[in-house]
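Residue numbers (our numbering): 157 to 541. Glycine included, each C-beta is placed from N, C-alpha and C at the ideal position. The block underneath contains the structure these notes are about, expressed in structure tokens.
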């Protein structure tokens, strides 16, 4: 592997030559689509989407030190990065629990960002008590026939495949009869119904399965052992949430600091409103502290340390912090802070109003704050039942 400093120089040279100026804005929702698509292909071809995955699965084959250096250079250049269910959740889980055939089939697609995945976990009657799920998978030859419903399925209307929790033993205790299985979304027996949210978006969907089919060979981990696989995947999800700066297409067009500066104004180089200034400074300190904590969580996950679930701590803090950030944004805008449509409001103000509304759910999805507190108590602090 190349000397670290030589590797950094190589990355900088590639970024200088290949990354268009129009994309040097980080993960924003208004990036030019064509240029972004070409950059994602470039990232995939270089193994930069999954830099620490083995090269035989489409990754970059980098060690921790070189992976960290690559990510630092990408961040410094404000390069957009790929953040997806495949990269952050399913891929790491397959690397640990998948068969060699599963790895060879699915990981290269994730590393190239050519297949979109969604997560089929929650059901109308099984949210926080996920293990009570009722979606059924009944074996028929070399396939399972899937019947049931999932809800709050992010990106289901655009997904090609789903990783799904299904009940395969209907007589076993609820945690022991669940399997983790992969199957395509574009088939007979799958119906997707997007849910319009309070901000007018439809990121989530209901998904109905009525005779959908999945190969028996696409069960990940042991049959009826899906709860263990799912818990491990959720550790990856919560670690990602806690360290997230927003995925491609999901981040605000303007940073919170720049937005607040424009709303409040400056006096002698400082924010004119001392209360907002103090709140924003505290928020930035919290972001830095959380970033460092989640870096440790990611390193522990990569090292296979499962005893502690620092990811839940990150998810809990992150959920509160994103709500706090939008509170600051709305408060800094004064009477303009609740703009929805029509003249008199900036586009950025309307965007922040909608983000303020939707972030009310951040402490619910991905495991409620209450669930995260339980996990933190048991698996981080070691408090007895």
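Am I right that residue i and residue j are in contact with their C-beta atoms under 8 Å? What's the rounded C-beta distance?
| i | j | result |
| --- | --- | --- |
| residue 308 | residue 474 | 18 Å between Cβ atoms; not a contact. |
| residue 214 | residue 264 | 4 Å |
| residue 513 | residue 354 | 5 Å |
| residue 379 | residue 324 | 6 Å |
| residue 375 | residue 363 | About 19 Å separates the two Cβ atoms, so there is no contact after all. |
| residue 321 | residue 334 | 6 Å |
Beta-carbon within less than 6 Å of residue i's beta-carbon, same chain only, minus the 5 sequence neighbours each way: which residues are those?
| i | result |
| --- | --- |
| residue 533 | 539 |
| residue 288 | 282, 330 |
| residue 401 | A caution first: residue 401 carries a pLDDT of 45, below 50, which makes its placement in the model too unreliable to give a value. |
| residue 495 | 501, 505, 506, 509 |
| residue 280 | 307 |
| residue 300 | 293, 370 |
| residue 382 | 321, 334, 335, 336 |
Please go through the same chain and pick out, in chain order, the residues whose beta-carbon is closer than 8 Å to the beta-carbon of residue i, but skip the five residues on each side of it.
| i | result |
| --- | --- |
| residue 529 | 472 |
| residue 316 | 271, 272, 273, 340, 341, 342 |
| residue 429 | 420, 488 |
| residue 511 | 355, 408, 482, 485 |
Among residues of its own chain, excluding the 5 on either side of residue i, which ones have a beta-carbon nearer than 7 Å to its beta-carbon?
| i | result |
| --- | --- |
| residue 204 | 216, 226 |
| residue 221 | 160 |
| residue 97 | This structure leaves residue 97 out entirely; the chain is present only between 157 and 541. |
| residue 243 | 205, 206, 266 |
| residue 368 | 302, 339, 343, 345, 346 |
| residue 176 | 191 |
| residue 163 | 222, 225 |
| residue 196 | 238, 269 |
Could you check which residue in the options has the C-alpha nearest to that of residue i?
| i | options | result |
| --- | --- | --- |
| residue 477 | 525, 368, 536, 499 | 525 |
| residue 248 | 469, 432, 389, 479 | 389 |
| residue 357 | 321, 313, 377, 386 | 313 |
| residue 360 | 446, 327, 277 | 277 |
| residue 431 | 326, 442, 172, 416 | 416 |
| residue 218 | 186, 445, 158, 168 | 158 |
Which residue marks the beginning of the beta strand (DSSP E) containing residue i, and which one marks its end?
| i | result |
| --- | --- |
| residue 367 | 360-371 |
| residue 295 | 292-296 |
| residue 350 | 346-351 |
| residue 543 | This structure does not reach residue 543, given that the chain is present from 157 up to 541, and the question cannot be answered. |
| residue 321 | 317-323 |
| residue 275 | 273-276 |
To which residues does DSSP link residue i through a beta bridge?
| i | result |
| --- | --- |
| residue 304 | 365 |
| residue 512 | Answer is none; residue 512 lacks a bridge partner. |
| residue 375 | 337 |
| residue 519 | BP columns for residue 519 are empty, so no partner. |
For the alpha helix (DSSP H) holding residue i, just list the boundary residues, first then last.
| i | result |
| --- | --- |
| residue 195 | 189-201 |
| residue 418 | 412-420 |
| residue 591 | Any question about residue 591 goes unanswered here, given that the chain covers just 157 to 541. |
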